[in-house]
Amino acid sequence: MRFDVLTIFPAMIEGPLSTSIIGRARTAGLVTIATHDVRDYTDDKHRRVDDTPFGGGAGMVMNAQPFFATLREGLGLNEKDHDDAHIVLLTPQGQVFSQAKAAELAGKKRLVLLCGHYEGIDDRVRQTWVDEELSIGDYVLTGGELAALVVIDAVARLLPGVLGHEASSVEESFSDQLLEYPQYTRPAEFEGMTVPDVLLSGHHGRINNWRRQQSLVRTYKNRPDLLQGRCLSFQDGELLRA
Ligand code: SAM
């Protein structure tokens, strides 16, 4: 899968995505991530990419021209027909990003992520190019780069081969609309605190039941909204009551 990120701060993207699991996936050729400095495509002789808002008000608005030029010349895309490229605008006004959305986007061939700064991007970019607007939560960041990193990380880790152990992305929080059970590793006793006996029992049936119960309890306590409107199985109901 290929990701293209349009930004005026490529360094904010490159460093984090050259590290750890995503960095290894890039080296192994499992994902391609290209950053494009929108400033390289401005037709302003002083390399400016923003201007004051029409109608007045505080802050600066990013010009449409450098985004249009980056998409056309840098990425070779056409505004009327870019079927192979799904273009996403990162904005606090978008639909809130979720695990389900990450799974959906992992099915695309190419994701193009547009990062705004200041007061955002001239709306004609959205009107002309954007297939989808995504927000990473109900708060306002200084720029779209952190949001792009969140989307890339969450999508890339779902691609075949990116995580060492494929089950890691199947059995985890939000799969089956539940939070994951608590995890422990060696030593079995640490500063007087022990690991639940069942996890040391080697009895897979009991371990699975305990984990399911813990998932249900954690979800009920921390994120009851995930259980709303959901009909629990008789077995899950019993585990929750136990
Ligand atoms: N004036 C805009 C508004 O009120 O909707 C906010 C602009 S924000 C300061 C600058 C840029 O940061 C946005 O263009 C967007 O790319 C990015 N951004 C800020 N918060 C975000 C969020 N919650 N999710 C995704 N992108 C965000």
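Numbering-wise (my numbering), the sequence shown opens with residue 5 and increments by one. Note that CB positions come from ideal geometry on N, CA and C, so glycine has one too.
Asked: Residues near E77 by beta carbon distance below 7 Å, same chain, minus five either side; Found: Y45
Asked: Exposed unless 16 or more other CB atoms sit within 10 angstroms - verdict on G148; Found: buried
Asked: C-alpha gap between T74 and E137, whole angstroms; Found: 19 Å
Asked: Proximity below 7 Å, CB of V42 to CB of P70; Found: yes
Asked: Proximity below 7 Å, CB of G120 to CB of M64; Found: no
Asked: Unbroken beta strand (DSSP E) run spanning Q97, endpoints; Found: A89 to V100
Asked: Cβ-heavy atom distance, V53 to ligand 1, below 6 Å; Found: no
Asked: 8 Å contact criterion, which L21 and L153 should meet: CB distance rounded; Found: 7 Å
Asked: Secondary structure of T11, DSSP reduced to three states; Found: strand
Asked: Three-way DSSP call (helix, strand, coil) for D142 in this model; Found: coil
Asked: Between the CA atoms of P96 and V144 - distance to the nearest angstrom; Found: 6 Å
Asked: At least three beta-carbon pairs within less than 8 Å, the segment 201 to 213 to the segment 168 to 183; Found: no
Asked: Of the listed residues A151, E193 and D240, nearest to S102 (C-alpha basis); Found: A151
Asked: Rounded C-alpha distance that separates T167 from D48; Found: At residue 167 the sequence reads Leu, which differs from the Thr that was named. If you take the alpha carbons of L167 and D48, they lie about 43 Å apart.
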